[in-house]
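Everything below concerns the one structure shown next.
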Amino acid sequence: MAAAGKLVYSFGRGKAEGRGDQKLLLGGKGAGLAEMTRIGLPVPAGFTITTTTCEAYLKSGGTWPRGLEAQVRDGVRELERLTKKKLGGAKDPLLVSVRSGAARSMPGMMETILNLGLNDESVEGLAKASGNRRFAFDSYRRFITMYGATARGIERHKFDAAFDMVKEEVTRLRLARRAEEPVLDTDVNAEELERLVGFLKNIYREATGEEFPQDPFDQLRGAINAVFNSWNAEKAVTYRRVENIADLNGTAVNVVQMVFGNMGDDSGTGVCFTRDPSTGERVFYGDLLINAQGEDVVAGIRTPVPLDRLRELMPEAYDQLEAVRVMLEVHYQDMQDLEFTIERGTLYMLQCRSGKRSPAATFKIAVDQATTGVVDAAAARRLVKKRYLPARYAKAASKPILTKAQAVQRITPTDIERLFYPIIDPAIARDALERQLLCEGINAVPGAAGGQVVFSAHEAERRAAGGTAVVLVRKETSPEDVGGMHAAAGILTATGGKTSHAAVVARGWGKCCIVGCAALNIDERARTVSVNGRTLREGDAITLDGTSGRVYEGSLPLVRPTAPPEFETLLSWCDDLRRLRVRTNADTPEDARRAVEFGAEGIGLCRTEHMFFATTERQLAIQEMIVAESGEQRVAALEKLLPYQREDFVGIFEAMNGRPVTIRLIDPPLHEFVPKSREQAEALARVTGLSADHILRRSEQLHEANPMLGHRGCRLCITYPEILDMQVRAIIEAALQCQRNGTPVAPEIMIPLTMDGKEMRLLAGRVREVAERVIASRAAEAASSNNGVLSTAHAAPSKKSGRGGRAGGLNYLVGTMIEVPRAALLADEVAASSDFFSFGTNDLTQMTMGLSRDDAGRFLPDYVDKDKAAVFPADPFQSLDAAGVGKLVELACRLGRQTRRDLKLGVCGEHGGDPDSIRFFHAVGLDYVSCSPFRVPVARLAAAQATLADRGGARASTSRSRAKDGGKKRAKPNTNKPRGRKPRGKKPSRAR
Numbered sequence: 000m001a002a003a004g005k006l007v008y009s010f011g012r013g014k015a016e017g018r019g020d021q022k023l024l025l026g027g028k029g030a031g032l033a034e035m036t037r038i039g040l041p042v043p044a045g046f047t048i049t050t051t052t053c054e055a056y057l058k059s060g061g062t063w064p065r066g067l068e069a070q071v072r073d074g075v076r077e078l079e080r081l082t083k084k085k086l087g088g089a090k091d092p093l094l095v096s097v098r099s100g101a102a103r104s105m106p107g108m109m110e111t112i113l114n115l116g117l118n119d120e121s122v123e124g125l126a127k128a129s130g131n132r133r134f135a136f137d138s139y140r141r142f143i144t145m146y147g148a149t150a151r152g153i154e155r156h157k158f159d160a161a162f163d164m165v166k167e168e169v170t171r172l173r174l175a176r177r178a179e180e181p182v183l184d185t186d187v188n189a190e191e192l193e194r195l196v197g198f199l200k201n202i203y204r205e206a207t208g209e210e211f212p213q214d215p216f217d218q219l220r221g222a223i224n225a226v227f228n229s230w231n232a233e234k235a236v237t238y239r240r241v242e243n244i245a246d247l248n249g250t251a252v253n254v255v256q257m258v259f260g261n262m263g264d265d266s267g268t269g270v271c272f273t274r275d276p277s278t279g280e281r282v283f284y285g286d287l288l289i290n291a292q293g294e295d296v297v298a299g300i301r302t303p304v305p306l307d308r309l310r311e312l313m314p315e316a317y318d319q320l321e322a323v324r325v326m327l328e329v330h331y332q333d334m335q336d337l338e339f340t341i342e343r344g345t346l347y348m349l350q351c352r353s354g355k356r357s358p359a360a361t362f363k364i365a366v367d368q369a370t371t372g373v374v375d376a377a378a379a380r381r382l383v384k385k386r387y388l389p390a391r392y393a394k395a396a397s398k399p400i401l402t403k404a405q406a407v408q409r410i411t412p413t414d415i416e417r418l419f420y421p422i423i424d425p426a427i428a429r430d431a432l433e434r435q436l437l438c439e440g441i442n443a444v445p446g447a448a449g450g451q452v453v454f455s456a457h458e459a460e461r462r463a464a465g466g467t468a469v470v471l472v473r474k475e476t477s478p479e480d481v482g483g484m485h486a487a488a489g490i491l492t493a494t495g496g497k498t499s500h501a502a503v504v505a506r507g508w509g510k511c512c513i514v515g516c517a518a519l520n521i522d523e524r525a526r527t528v529s530v531n532g533r534t535l536r537e538g539d540a541i542t543l544d545g546t547s548g549r550v551y552e553g554s555l556p557l558v559r560p561t562a563p564p565e566f567e568t569l570l571s572w573c574d575d576l577r578r579l580r581v582r583t584n585a586d587t588p589e590d591a592r593r594a595v596e597f598g599a600e601g602i603g604l605c606r607t608e609h610m611f612f613a614t615t616e617r618q619l620a621i622q623e624m625i626v627a628e629s630g631e632q633r634v635a636a637l638e639k640l641l642p643y644q645r646e647d648f649v650g651i652f653e654a655m656n657g658r659p660v661t662i663r664l665i666d667p668p669l670h671e672f673v674p675k676s677r678e679q680a681e682a683l684a685r686v687t688g689l690s691a692d693h694i695l696r697r698s699e700q701l702h703e704a705n706p707m708l709g710h711r712g713c714r715l716c717i718t719y720p721e722i723l724d725m726q727v728r729a730i731i732e733a734a735l736q737c738q739r740n741g742t743p744v745a746p747e748i749m750i751p752l753t754m755d756g757k758e759m760r761l762l763a764g765r766v767r768e769v770a771e772r773v774i775a776s777r778a779a780e781a782a783s784s785n786n787g788v789l790s791t792a793h794a795a796p797s798k799k800s801g802r803g804g805r806a807g808g809l810n811y812l813v814g815t816m817i818e819v820p821r822a823a824l825l826a827d828e829v830a831a832s833s834d835f836f837s838f839g840t841n842d843l844t845q846m847t848m849g850l851s852r853d854d855a856g857r858f859l860p861d862y863v864d865k866d867k868a869a870v871f872p873a874d875p876f877q878s879l880d881a882a883g884v885g886k887l888v889e890l891a892c893r894l895g896r897q898t899r900r901d902l903k904l905g906v907c908g909e910h911g912g913d914p915d916s917i918r919f920f921h922a923v924g925l926d927y928v929s930c931s932p933f934r935v936p937v938a939r940l941a942a943a944q945a946t947l948a949d950r951g952g953a954r955a956s957t958s959r960s961r962a963k964d965g966g967k968k969r970a971k972p973n974t975n976k977p978r979g980r981k982p983r984g985k986k987p988s989r990a991r
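Sequence positions in the sequence shown follow numbering that gives the first Met the number 0 and run 0 to 991.
In structure tokens:
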């Protein structure tokens, strides 16, 4: 039994022991009631039992902690003093509600009991005091039903069946109503309700073996226990798991004086929002029921009317409620969700909390609160004149209540994600969805997608080219599937986790993806998939819900939310606040253009190997190079690839229009490109003149036991330098071509997988040698065409052009990808030949932690699960392992800048779009993060929030004050000036 402390906090008549900032202790509802009381709003008196009391109760196996009973009795006595009524008294009794209230909103997941204190004696007192016998017995039947179902676990349908029986067999006969006409709850009169109460008490007695409790404190004890126990109810546990609520251990219990909205036409109840939660518009929005209790609104027993009707029916109550609206939004600086009851013309506030809102409304509300007032000045003056609104609130309400920095802090990454993913039309009935449900997997990429089932990348491309939406269904995906993956509307795999190939690639495109769907039994030969007793054939339609991980049979209608103009306004404020630049990972001009639309300031990772799979001709050319028997044959094959690569780079440079573009040289091991089947080998044999057997033998020779640590990345360039030569030629030729056409360029050539300073020196030297040779050649051609006069775009290369390159007027950088731990440990040596580092945190995490990204999904959840090992706070492939991998990043930054003070530092792994990781990258001094196009807005937000946290939060406000006009941020092309030996008379530049 826990030691006694303060377990109960009272409130009422303008005074409260608790405060609004005590949500962890008093729960959201209790903290809200206390705060509303403190600022002078009309709140019924009551008390709150703390969340820690619930925790102690549950840990003790259901025993009240020491001191709780005494403090609850004291709370009841204080409540009786404030209300001048007695709980369960024979004359005008005090009745209370007993409601849950966790620190985080869990709507409908825990229990509520209303009208507690009614018994066979007090119901008569209530009837006399109210002058309404029907109201008294209607309240009693509600209490018996709620208490029996909640506190004693009696199936609710038994109570409902008794009520239906009275309506059908008694009320219908009295009213002589025809069978097709419904009998409403409100048609049942006082005498019939009194008979019903007797039936309900019999149900209670038969189910429990006890009479319905008549002692009010016994009722209260049972109700408090019921709310405590509801914390561990299955629906509550499931909700916390789904919402990732793992840091709370119990609910508060709020015992509050009952006020009644069902005492006549001058009474009512409602739920309202201080702004429209769907659009964010600055209008008072809500629903109202006249002559009803609060549960009627939630249960949908009657159809409510718009809140505006209250202005007509009870104008004084409406004005008072509007004043409350203004006070609470000013006080909490956020849109509020309010519950209220009007009892015989008197307004009472029952709850306030931050209101749930649509993605579009989230941005409109944040921007409006930072640019306009809560209400117009004239409306505020009117409420002051009527003495409903204190003058200090009127003054505050007519001006913005947030700074722009506070508005930025109000947005979460999830808010941004929800704006852009298509969703299954919410209008579809839930039971219709359940009938079409096929199976569930891991929700790798949220949103929704539908189309025809296909089982191969080739078929996906073929059908998509004809305008057919397809869903690519595979056991797993590989780089060879990238064309089909890109063509597909969605991706579904039987294996893999959130960091598998399918998930990572799909996330980069913002493409709906479900992985690890173990129920799928795929027969690629027969082109069928069996799932839970149903068989689908190629061409059958399915719909994926990547948000929930559910797969549905058939085509369901999808809708795509539209981003409001306030979205771009708020992100422009983020741009003014943040220090970190934000780039994107993009391999095609289309991806690059999309990323620029999302605000990307450059490309941090362009993967050249993805271009090799774009067409059959390209695949054959790279395969021809791999199976070549001599260096000359390899060069000949690479010459075929050169124009393709150059064309791709031209498109990307044009799309980026002067923004920096970091191009990674070839990275995957060669075996990923070679034919796997005899059919593929024979196709290549027809091109090369080699035998299919030779090609298959070569493919087998390239097989590696551990390819991630094998012959890949810069190691390929050491063995086959002609590959490096071709790619560098393509990059530089494309850059020069764009320059000739008037398009500014800023290429950055990145060497992957380096692990040693000497290795980097060799390869960086070759990159610069090839680049300057190409530039010199183009300059000579230009001089020849201009009668020997060099244009400024084709000036002769300088022998002292720096470690990057400024030859011929073309600025380019040469750097490396830090993804091998040894490279991080020797970063000072590697930096000697590097203009920049880009941390490839995907592979750096794998190699540092000894985890395979594709296989760890089978056991890694146990390492993260707080109920199991809890070794890691989060999946290290989704959020950077700051304790381990982060130390290597920090060390490499420090060592690298010891060698080169102006070394540019960035990150291009999956972590570049993760907000927690971005905070770390900001702290260690990186210059930029790079992420998939669809994560760019999230990264812009996270970078701004990291800056604000570093500066002490919203006090930083708008230090880069261009945010004050809310306009778009002007483009900032990176001129990419070289870093290296100082040109005479000049200081080295510090491009970021």
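Ideal placement from N, C-alpha and C gives every residue a C-beta, glycine not left out.
Collapsing the DSSP output to three states places residue 138 in a helix.
In the displayed model, residue 272 falls within a strand according to three-state DSSP. Around the C-beta of residue 934, 16 or more other C-beta atoms lie within 10 Å, and the residue is accordingly described as buried.
Following the DSSP letters along the chain, one finds residue 624 in no beta strand (DSSP E) but inside the alpha helix (DSSP H) bounded by residues 615-626. Annotated as distal: residue 887 and residue 826, with beta-carbon spacing of 7 Å or more.
About 6 Å separates the beta carbon of residue 513 from that of residue 545, a gap short enough to meet the 8 Å contact definition.
Per DSSP, the unbroken alpha helix (DSSP H) holding residue 644 starts and ends at 630-655. In the assembly as shown, residue 427 is an exposed residue. Its beta-carbon has fewer than 16 other beta-carbons within 10 Å. DSSP places residue 903 outside any alpha helix (DSSP H); the residue lies instead in the beta strand (DSSP E), whose first and last residues are 903-906. Taking residue 481 as the centre and dropping the five residues before and after it, the same chain places the C-beta of 456, 504, 609 and 612 closer than 8 Å to its C-beta, in chain order.
Counting along the chain, no beta strand (DSSP E) covers residue 716; the unbroken alpha helix (DSSP H) around it starts and ends at 713-718.
By the C-beta density criterion, residue 412 is buried, having at least 16 other C-beta atoms within 10 angstroms.
Residue 379 is a Cβ neighbour of residue 397, given a cutoff of 7 Å. When DSSP assignments are scanned along the segment 341-381, the uninterrupted stretches of alpha helix (DSSP H) that are 4 or more residues long and fall wholly within it turn out to be 358-370. Straight-line spacing of the CA atoms in residue 377 and residue 333 works out to 21 Å. For residue 528, the number of other beta carbons within 10 angstroms of its own is at least 16, and it is reported as buried. The beta carbon of residue 554 lies closer than 7 Å to those of 449, 540 and 542 in the same chain, with the five residues before and after it left out.
Nearest C-alpha to residue 305 among 236, 838 and 285: 285.
Distance check between residue 96 and each of 676, 724 and 221 places 221 closest, using alpha-carbon atoms only. Contact check for residue 661 against residue 747 passes: the beta carbons are separated by less than 7 Å.
Beyond the five residues adjoining it in sequence on each side, residue 12 comes within less than 7 Å, by CB distance, of 44 and 81 in the same chain, given in chain order. Sixteen is the threshold: when 16 or more other Cβ atoms of the shown chains lie within 10 Å of the Cβ of residue 253, as they do, the residue is buried.
Comparing C-alpha distances from residue 214 to each of 852, 10, 126 and 118 shows the shortest one belongs to 118.
As the crow flies, the alpha-carbon of residue 321 is around 11 Å from that of residue 346. In this structure, residue 501 lies near residue 495, with their beta-carbon atoms less than 7 Å apart.
Inter-segment contact for the segment 912-925 and the segment 872-885 is present: three or more beta-carbon pairs are separated by less than 8 Å.
Measuring C-alpha to C-alpha distances from residue 766 to each of 576, 755, 511 and 720 identifies 720 as the nearest. Just measuring C-alpha positions, the residue of 4, 123 and 929 sitting nearest residue 67 is 4. The distance from the Cβ of residue 736 to that of residue 649 is about 6 Å, consistent with a contact at the 8 Å cut-off.
With the rule of 3 Cβ pairs closer than 8 Å, the segment 245-263 counts as touching the segment 48-61. In its chain, beyond the 5 residues on either side, 843, 846, 847 and 887 have a beta carbon closer than 8 Å to the beta carbon of residue 820.
In this structure the segment 929-946 lies against the segment 559-578, because at least three pairs of beta carbons, one per stretch, are closer than 8 Å.
Under DSSP, residue 551 shares a beta bridge with 436 and 542. Assignment of residue 665 by DSSP, reduced to helix, strand and coil, places it in the coil class. Taking C-alpha positions only, residue 420 is separated from residue 929 by approximately 21 Å.
Between the segment 667-678 and the segment 748-761 there are fewer than three C-beta pairs closer than 8 Å, too few to call the two in contact.
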